[in-house]
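Numbering (the numbering used here), first residue to last: 328 to 584.
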């Protein structure tokens, strides 16, 4: 009863009821667990999303590159034209040409390797057509026929104009005195053979030379690795999610102990 002797009034602020304390503790514990898992989960999802976006971007690049290669193939196999009077590398790249004239004496050997035959050389000779002399890439000869006699004389050529871009930082310098070339460098080759700085890569040569097999221009040497890149990004996204899941499970087990 109020006012009884020996009893002090109870201050409700000192200790909340037990059920309330348990509830707050549970809410706090739940909040800690959520915040403990939320950050790595968001980190994992955002990272995987970025990696997937990069994979999709590479697939878009693949579609673009296949269109470019299709355009190049169409140009390579178009109707042959006479040698152009005015030279424009950007507009005339891979342009098909037909020439009648004469293969002149003179041979440059450019190191090359093919899947079917292995190491060998591209044979480059001067070709006169009318009052013009250009470089003619006649094709491949194996190393065992490096010093074989080559046909010279009247010939009919169909092929493609080509401006090469084969030299990299690791390409050795050409051994001009030893006639070993590591890249089809048009300017110095034209100086050695006294021709225009214009290269025709033969597709057909008539009459043919039994020691030389034409290596015509194609798109096989143009890199198109976008599908592999896309696969790499998607694989990294999967690995990222797996590592995220592993981390969250491990954190959960640590919290339970």
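In this text, a Cβ means the ideal position worked out from N, Cα and C, and glycines have one as well.
> Is the beta carbon of residue 458 within less than 7 Å of some heavy atom of the ligand NAP?
Replying inline: You won't find the ligand NAP in this model; it holds no ligand whatsoever.
>> Tell me the DSSP secondary structure of residue 452 in three-state form.
In response: Strand.
> Where do the ends of the beta strand (DSSP E) carrying residue 440 lie?
Replying inline: The continuous beta strand (DSSP E) containing residue 440 extends over residues 435-441.
>> Quick test of the definition: if touching needs 3 or more C-beta pairs under 8 Å, does the region 468-481 touch the region 396-409?
In response: No contact exists between the region 468-481 and the region 396-409.
>> Which residue wins for smallest C-alpha separation from residue 438, given the options 573, 384, 512?
In response: It is 512.
> With distances taken from CA atoms, which of 518, 521, 539 is nearest residue 528?
Replying inline: Checking every option, the nearest Cα to that of residue 528 belongs to 539.
> With distances taken from CA atoms, which of 572, 520, 555, 405 is nearest residue 383?
Replying inline: Of 572, 520, 555, 405, the residue nearest in Cα terms is 555.
> From 458, 487, 493, pick the residue whose C-alpha is nearest to that of residue 548; which is it?
Replying inline: Closest option to residue 548, Cα to Cα, is 493.
> Does the separation of the CB atoms of residue 454 and residue 484 fall below 8 Å?
Replying inline: At the C-beta level, residue 454 and residue 484 come within 8 Å of one another.
> Relative to the C-alpha of residue 418, which residue among 490, 445, 390, 427 is closest?
Replying inline: Minimum Cα distance to residue 418 is reached at 490.
>> Taking 8 Å as the cut-off, does the region 385-394 touch the region 517-524 (at least 3 CB pairs, one atom from each stretch)?
In response: No: the two stretches stay apart, fewer than three of their Cβ pairs being nearer than 8 Å.
> Would DSSP call residue 315 helix, strand or coil?
Replying inline: Because the chain in this structure spans residues 328 to 584, residue 315 falls outside the shown range and cannot be described.
> With burial defined as no fewer than 16 other Cβ atoms inside 10 Å of the residue's Cβ, what is the status of residue 522: buried or exposed?
Replying inline: The residue is buried, with at least 16 neighbouring Cβ atoms inside 10 Å.
>> Less than 8 Å between the C-beta atoms of residue 410 and residue 456, yes or no?
In response: Contact flag set, yes.
>> For a quick check, are the C-beta atoms of residue 505 and residue 543 less than 8 Å apart?
In response: The Cβ-Cβ distance between residue 505 and residue 543 does not fall below 8 Å.
>> With the cut-off set at 8 Å, would you say residue 524 and residue 514 are in Cβ contact?
In response: Yes, these two residues count as a Cβ contact at 8 Å.
>> In the DSSP output, which residue or residues are listed as bridge partners for residue 497?
In response: The partner list for residue 497 (beta bridge, DSSP) is empty, contrary to what the question assumes.
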